[in-house]
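The numbering used here applies: residue 113 is where the sequence shown begins, and numbers increase by one.
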Amino acid sequence: ALTISSYELPTIWDVENGKLIKKFWRQSGIIAYLFRMKGSWASGDLSPRGEKVVAGSTDGIIRLWEVRSGNEVWSKMAHKGGVNDLTFAADGKFILSTGNDATVKIWDSTNGEISDQINLATSDDVGMVLNCSPDNNAFVVGTLRGVILHFRFGGEANRK
């Protein structure tokens, strides 16, 4: 299981015995982590097959790590004003994120490139939580105003 906390590193635990398996550091190690951290961890997710961990912080950065090695694969400035939530798509190929900049972004999990973006600013709303359907065809976004938005994946994201 993955835990995310404002003051702790993203951490994977063995749910059978409660033992710590691995903590995920920012790329430059502990010293850089302590002195460069501008935001606290806001959200995270473990990929469907347990091979990758993604986490977003209040400074707007998303980081992706490989579980086996613990190495950071990529990091991106994702949302101005901070990341509110993120999740892997059901097939693990994409990561969805939402932030205080009123956008929802779909990222290619292999290289961190943006595949698509939805702007909620025209509706004066901000995405707070999101989740993908198990069949990888759709996702929902819960907003600050209490609205649930339903979207269908299209194009590349819909391929299985």
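The beta carbon of each residue, even a glycine, is placed where N, CA and C say it ideally should be.
Given a cut-off of 7 Å on the beta-carbon distance, is the pair residue i and residue j in contact?
{"i": "S169", "j": "A190", "result": "no"}
{"i": "G194", "j": "K134", "result": "no"}
{"i": "I218", "j": "F206", "result": "yes"}
{"i": "N231", "j": "T210", "result": "no"}
{"i": "V252", "j": "V216", "result": "no"}
{"i": "S159", "j": "I173", "result": "no"}
{"i": "L256", "j": "V238", "result": "yes"}
{"i": "G162", "j": "L114", "result": "no"}
Using alpha carbons as the reference points, say which of the options lies closest to residue i.
{"i": "V179", "options": "N196, D197 and W137", "result": "W137"}
{"i": "A250", "options": "R264, D237, K164 and M240", "result": "R264"}
{"i": "V185", "options": "V216, D171, R161 and D220", "result": "D220"}
{"i": "G266", "options": "D236, S227 and T234", "result": "S227"}
{"i": "W177", "options": "A214, E225 and P122", "result": "P122"}
Measure how close the beta-carbons of residue i and residue j come, nearest whole angstrom, since I'm counting them as under 8 Å.
{"i": "D203", "j": "N129", "result": "That pair is no contact at about 30 Å."}
{"i": "V166", "j": "I124", "result": "Not quite, the Cβ-Cβ distance comes to about 12 Å (not below 8 Å), so this is no contact."}
{"i": "C244", "j": "L208", "result": "7 Å"}
Distance, Cα to Cα, residue i vs residue j?
{"i": "R175", "j": "D126", "result": "22 Å"}
{"i": "L242", "j": "E120", "result": "22 Å"}
{"i": "N212", "j": "Q229", "result": "14 Å"}
{"i": "P246", "j": "V259", "result": "21 Å"}
{"i": "I143", "j": "G151", "result": "No answer about I143 holds up, because its pLDDT of 46 lies below 50 and its placement is not dependable."}
{"i": "S117", "j": "L132", "result": "15 Å"}
{"i": "M240", "j": "N223", "result": "25 Å"}
{"i": "D171", "j": "K192", "result": "8 Å"}
{"i": "A233", "j": "E225", "result": "22 Å"}
What residue range does the beta strand (DSSP E) around residue i cover?
{"i": "W137", "result": "Per DSSP, W137 belongs to no beta strand (DSSP E) and is neither H nor E."}
{"i": "A167", "result": "K164 to S169"}
{"i": "H191", "result": "No beta strand (DSSP E) holds H191; DSSP gives it neither H nor E."}
{"i": "N243", "result": "G239 to C244"}
{"i": "K205", "result": "Where K205 is concerned, there is no enclosing beta strand (DSSP E), given that its DSSP letter is neither H nor E."}
{"i": "I116", "result": "Counting along the chain, I116 falls outside any beta strand (DSSP E), and DSSP gives it neither H nor E."}
{"i": "V252", "result": "A250 to T255"}
{"i": "E178", "result": "I173 to E178"}
{"i": "F263", "result": "I260 to R264"}
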